[in-house]
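Written out below as structure tokens is the structure these notes cover.
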Amino acid sequence: MNAEQEQVILAVHVRGLDGMCAGCRAWWARLTPYPCWQAEWATSRQARAITARFLDGVR
Ligand SMILES: [Zn+2]
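The sequence shown runs -3 to 55 under the numbering used here.
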């Protein structure tokens, strides 16, 4: 997995009008409350990458 794939996941797995994940419904016809585990995973990965970038800048 790389940053690009996280971007794609975050772009697809967005909150639908009913609070369900639009990406999960589109990809698997699955009703998942947002944030689904994929959105959470991508978000946590991104947060970690941003933190790492920040720490690199400080050093
Ligand atoms: Zn989803």
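Here a beta-carbon is modelled for each residue, glycine too, at the ideal position from N, C-alpha and C.
What you are looking at is a predicted structure, and each value in this text was computed from that prediction instead of being measured.
Rounded straight-line distance, which links the Cα of residue j to that of residue i
i	j	result
Ala25	Ala43	28 Å
Leu27	Thr47	32 Å
Gly15	Glu2	21 Å
Arg49	Ala18	30 Å
Leu13	Tyr30	10 Å
Trp23	Val10	12 Å
Rounded Cβ spacing between residue i and residue j (contact assumed at less than 8 Å)
i	j	result
Ala45	Ile5	Going by Cβ atoms, the distance from Ala45 to Ile5 rounds to 13 Å, so no, they are not a contact pair.
Residue i, DSSP secondary structure in three states
i	result
Arg55	coil
Within the stretch 16 to 46, note down every full beta strand (DSSP E) run reaching 3 residues or more, in order along the chain. none
Any residue with its Cβ nearer than 6 Å to a heavy atom of ligand 1 should be included. What is that list in chain order? His9, Cys17, Gly19, Cys20, Thr28, Cys32, Gln34, Ala35
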